[in-house]
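A.B. asks: Residue numbers 3 to 477, in the working numbering, belong to the letters of the sequence shown in order.
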Amino acid sequence: MTPGENDLFPIDNALEMILAFDQKGVISYANDAAKKKLEYKDDLCGRHIKDVFPNTFQSTEDGFASEYVFGNEPQNLVAYRRNLTCFPVEAKIVNSTSAVGTYICMANDILEKEFLSREIEQVRQEAQQALKVKSEFVANVTHELRTPVNGILGNVKELLDDVEGMEARTVKSLRLIERCCGDMHKIINNVLDFSKLEAGKFTLEPRRFHFRNMLDYVKAKHISKITEKGLGFFMTVSPQIPEYVIGDELRIGQILDNFLSNALKFTAVGKITLEVLRTARVNDKVELFFMVSDSGIGIDKADKDKLFQSFSQVDASISRKYGGTGLGLNICKQLVELMGGRVEVESEKNKGSTFSFSIWVGISEEDSEALPQQGEVKTTFTTAAMEEEEERFANIRKYGTPENKDNLKKNLSKLILCVEMENWEKAEMFMETIRQLTEEAPQEVKRAVLRLKMAIQKENYDKVTAGYAELNDIL
Numbered sequence: 003m004t005p006g007e008n009d010l011f012p013i014d015n016a017l018e019m020i021l022a023f024d025q026k027g028v029i030s031y032a033n034d035a036a037k038k039k040l041e042y043k044d045d046l047c048g049r050h051i052k053d054v055f056p057n058t059f060q061s062t063e064d065g066f067a068s069e070y071v072f073g074n075e076p077q078n079l080v081a082y083r084r085n086l087t088c089f090p091v092e093a094k095i096v097n098s099t100s101a102v103g104t105y106i107c108m109a110n111d112i113l114e115k116e117f118l119s120r121e122i123e124q125v126r127q128e129a130q131q132a133l134k135v136k137s138e139f140v141a142n143v144t145h146e147l148r149t150p151v152n153g154i155l156g157n158v159k160e161l162l163d164d165v166e167g168m169e170a171r172t173v174k175s176l177r178l179i180e181r182c183c184g185d186m187h188k189i190i191n192n193v194l195d196f197s198k199l200e201a202g203k204f205t206l207e208p209r210r211f212h213f214r215n216m217l218d219y220v221k222a223k224h225i226s227k228i229t230e231k232g233l234g235f236f237m238t239v240s241p242q243i244p245e246y247v248i249g250d251e252l253r254i255g256q257i258l259d260n261f262l263s264n265a266l267k268f269t270a271v272g273k274i275t276l277e278v279l280r281t282a283r284v285n286d287k288v289e290l291f292f293m294v295s296d297s298g299i300g301i302d303k304a305d306k307d308k309l310f311q312s313f314s315q316v317d318a319s320i321s322r323k324y325g326g327t328g329l330g331l332n333i334c335k336q337l338v339e340l341m342g343g344r345v346e347v348e349s350e351k352n353k354g355s356t357f358s359f360s361i362w363v364g365i366s367e368e369d370s371e372a373l374p375q376q377g378e379v380k381t382t383f384t385t386a387a388m389e390e391e392e393e394r395f396a397n398i399r400k401y402g403t404p405e406n407k408d409n410l411k412k413n414l415s416k417l418i419l420c421v422e423m424e425n426w427e428k429a430e431m432f433m434e435t436i437r438q439l440t441e442e443a444p445q446e447v448k449r450a451v452l453r454l455k456m457a458i459q460k461e462n463y464d465k466v467t468a469g470y471a472e473l474n475d476i477l
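1. Can you give the Cα-Cα distance for Phe383 and Arg280, rounded to whole angstroms?
2. If I'm right that Leu433 touches Lys455 with Cβ under 8 Å, what's the distance once you round it to whole angstroms?
3. Quick one: residues in its chain with C-beta nearer than 6 Å to the C-beta of Asp53, no 5 flanking neighbours on either side, listed in chain order?
4. Kindly list the residues whose CB is nearer than 6 Å to the CB of Trp426, restricted to its own chain and excluding five residues on each side of it in sequence; keep chain order.
5. Leaving out five residues before and five after Ala265 in sequence, what residues of the same chain have Cβ atoms less than 7 Å from its Cβ?
6. Alpha carbon to alpha carbon, how far is Arg466 from Lys411?
7. I need the boundaries of the beta strand (DSSP E) containing Asn110, first residue and last residue.
8. Check for me: the alpha helix (DSSP H) holding Ala468 runs from which residue to which?
9. With DSSP collapsed to three states, give me the class of Pro351.
10. To the nearest angstrom, report how far apart Thr385 and Leu276 are at their CA atoms.
11. Looking only at its own chain, which residues have a Cβ that is under 7 Å from the Cβ of Gly342, when we skip the five neighbours before and after it?
12. Quick check on the burial criterion: 16 or more other C-beta atoms within 10 angstroms. Buried or exposed for Ala132?
13. Use the C-beta contact count for Arg209: other C-beta atoms within 10 angstroms, 16 or more gives buried, fewer gives exposed.
14. Residues in its own chain within less than 7 Å of Pro90 by CB, not counting five upstream and five downstream?
15. Whole angstroms are fine: how far does the CA of Val96 sit from the CA of Val338?
16. On the DSSP letters alone, give me the boundaries of the alpha helix (DSSP H) that Thr229 sits inside.
17. With DSSP collapsed to three states, give me the class of Gly184.
18. Going by the CB atoms, is the gap between Ile20 and Ile122 shorter than 8 Å?
19. Which stretch, first to last residue, makes up the alpha helix (DSSP H) that contains Leu417?
20. What is the DSSP secondary structure of Met433, counted as helix, strand or coil?
21. Have a look at Asn409, Arg453, Tyr470, Glu405 and flag the residue whose alpha-carbon is nearest the alpha-carbon of Cys420.
22. Would you report the Cα separation of Ile13 and Pro56, rounded to the nearest angstrom?
23. Near Glu289, which residues of its chain fall below 6 Å by C-beta distance, leaving aside the five closest residues on each side in sequence?
24. For Gln124, which of helix, strand or coil comes out of DSSP?
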């Protein structure tokens, strides 16, 4: 039986090049792929292996010499065509187990692979350069934007320091400009943070800080707006969390600010809660778990994936009605991941949402000694006050209940007060709460609510007062 017989090499149609040569280096078999790639016909058999791999094999009196390590490990070689042009291959050459004194070479043309690798590397370098240019552009633009915004804000604050004698319409316009400048600052900061995170240039600045003081500061920033909207607010912190932790206080506060702002933005009736627990400890690191829950508009399960995408809202009406760039949650997600944690969301349409996230923070040796071990403290984090409020909040949305009537009365009073002061923005906020409180009301009430809402949107004082009187009488 010879190496050229098809019963030994039934591989003429194999995609890779296959050659067989003897101890003298003479090629005794070449499949169709080898003949085609090397541009030979039937005259490839009988040639010396050095004609195909001149850089790897040399002809000697006894046969051939080579530094090639025979075996199953692929190596990169250079194969030469009949016209002496060459191309790279990935080849392995082994001793035949069925034909003594025969070597089998299996090789794949990697010319296209090398070309694509160079193309990919070039694209990668171009992408990195483009990202660098984009980051520098964003940094420069946001810096340049801050200058005129700060100039406008400074002048508006000076004018607002002396409003005596000004017309109410002028004061209202100045307040609006002040608010717009504040919103512009938030957008600039969000875009800059997003750009740094995308470029991989964002760095955390961990330091030792008082954890509960940070939470109190975050609470203080939001509590007035929450209570003004008529919402309840509860915050519980696990006693297993040390007084001091090591982490980026500013960024942890930024994440909480964003989640609490969203909860406030999308909640018209009910409550907002913040819970913080310690869930794990590894050496000098502890995992903190935060949960921000609300009783707001909620999210459909199908829309959850959109929440953390950059420049994305669940739907266009959200952006029109509530505002926002769609960057906040994406930035929060990336910040949480930088701190070794992850973000999750549980929500049901019209029944509220719970955003939770975990982060890892450090603890110093002195704080670690005073820290109770996991499991030592058994605490129920739902306080008695919260339990009492649960039933009340459950009845607020049910039209006709004492809790519902009480909230309607309070929000109507606040609404008409805002109208009298020509604060139409806040009047719209209370109007939305009234709309949600009357979702289960009879059609007569719903029509009155709709008329009042349209009058507020048009800022028509006479129609608002008439609509208020009508709704008040019906209720």
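Where a beta carbon is used, it is the ideal one built from N, C-alpha and C, also for glycine. Bear in mind the structure is a predicted one, so any value in this text is a computation, not a measurement.
C.D. replies: Concretely, from the data shown:
1. The residue given as residue 383 occupies position 381 in the sequence shown. The residue given as residue 280 occupies position 278 in the sequence shown. Here Phe383 scores only 42 on pLDDT, less than 50, and its place in the model should not be relied on; the value that follows carries that caveat. The alpha-carbon of Phe383 is positioned some 12 Å away from that of Arg280.
2. Stepping through the sequence shown from its first residue, residue 433 is reached at position 431. Stepping through the sequence shown from its first residue, residue 455 is reached at position 453. It should be pointed out that residue 433 corresponds to Met in this sequence rather than to Leu. With 8 Å as the limit, Met433 and Lys455 qualify as a contact, their Cβ atoms being about 5 Å apart.
3. In the sequence shown, residue 53 corresponds to position 51, counting from 1. Nothing meets the Cβ criterion.
4. Residue numbering aside, residue 426 sits at position 424 when the sequence shown is read from its first letter. Only Glu461 meet the Cβ criterion.
5. Position 263 of the sequence shown, counted from the start, is the residue given in the question as residue 265. Counting only Cβ-Cβ distances below 7 Å, and skipping sequence neighbours, we find Ile274, Val294, Asp296, Gly298.
6. Numbered from 1 along the sequence shown, position 464 holds the residue referred to as residue 466. Numbered from 1 along the sequence shown, position 409 holds the residue referred to as residue 411. Residue 466 is actually Val in this sequence, not Arg. Distance between the alpha carbons of Val466 and Lys411: 16 Å.
7. As a first step, residue 110 is located in the sequence shown; it is residue number 108 there, counting from the start. Taken as a continuous stretch (DSSP letters only), the beta strand (DSSP E) holding Asn110 covers 104-111.
8. Indexing the sequence shown from 1 puts residue 468 at position 466. Note, Ala468: alpha helix (DSSP H), 463-476.
9. Position 349 of the sequence shown, counted from the start, is the residue given in the question as residue 351. Residue identity differs from the one stated: residue 351 is Lys in this sequence, not Pro. Residue state, collapsed to three classes: coil.
10. Sequence index remark: in the sequence shown, residue 385 carries index 383 (1-based). Sequence index remark: in the sequence shown, residue 276 carries index 274 (1-based). Because the pLDDT at Thr385 is just 48, under 50, the model does not fix this residue reliably, and the value given afterwards should be weighed accordingly. Taking the straight line joining both Cα atoms gives about 13 Å.
11. Counted from its first residue, the sequence shown places residue 342 at position 340. Non-local beta-carbon contacts of Gly342 in its own chain, meaning distances under 7 Å to residues more than five positions away in sequence, involve Ile361, Trp362 in chain order.
12. Numbered from its first residue, the sequence shown carries residue 132 at position 130. When all chains shown are included, Ala132 counts as exposed.
13. The sequence position of residue 209 within the sequence shown is 207, counting from 1. Answer is exposed; the Cβ neighbour count stays below 16.
14. Looking up residue 90 in the sequence shown gives position 88. Scanning its chain for C-beta atoms nearer than 7 Å, with the 5 sequence neighbours on each side dropped, one finds around Pro90 the residues Asn78, Val80, Ile112, Leu113, Glu116, in chain order.
15. On the sequence shown, residue 338 is found 336 positions in, with the first residue counted as 1. On the sequence shown, residue 96 is found 94 positions in, with the first residue counted as 1. Those two C-alpha atoms are separated by around 53 Å.
16. Position 227 of the sequence shown holds residue 229. Per DSSP, Thr229 belongs to the alpha helix (DSSP H) from 213-230.
17. Here residue 184 corresponds to residue number 182 of the sequence shown, with the count starting at 1. The three-state reading of DSSP puts Gly184 in helix, counting H, G and I together.
18. In the sequence shown, residue 122 corresponds to position 120, counting from 1. In the sequence shown, residue 20 corresponds to position 18, counting from 1. No, these two residues do not count as a Cβ contact at 8 Å.
19. In the sequence shown, the residue the question calls residue 417 occupies position 415. That run of the alpha helix (DSSP H) goes 404-422.
20. Sequence index remark: in the sequence shown, residue 433 carries index 431 (1-based). Three-state DSSP puts Met433 in a helix.
21. Position 418 of the sequence shown, counted from the first residue, corresponds to residue 420. If we check each option's Cα against that of Cys420, Tyr470 comes out closest.
22. Residue 13 sits at position 11 when you count from the first residue of the sequence shown. Residue 56 sits at position 54 when you count from the first residue of the sequence shown. For Ile13 and Pro56, the distance between alpha carbons rounds to 25 Å.
23. The residue labelled residue 289 in the question sits at position 287 within the sequence shown. Within the same chain, Cβ atoms closer than 6 Å to the Cβ of Glu289 are found at Thr281, Ala282, Ser360, Trp362, the five residues on either side in sequence being excluded.
24. For the purposes of this step, residue 124 is identified with residue 122 of the sequence shown, where counting begins at 1. The DSSP-derived three-state label of Gln124 is helix.
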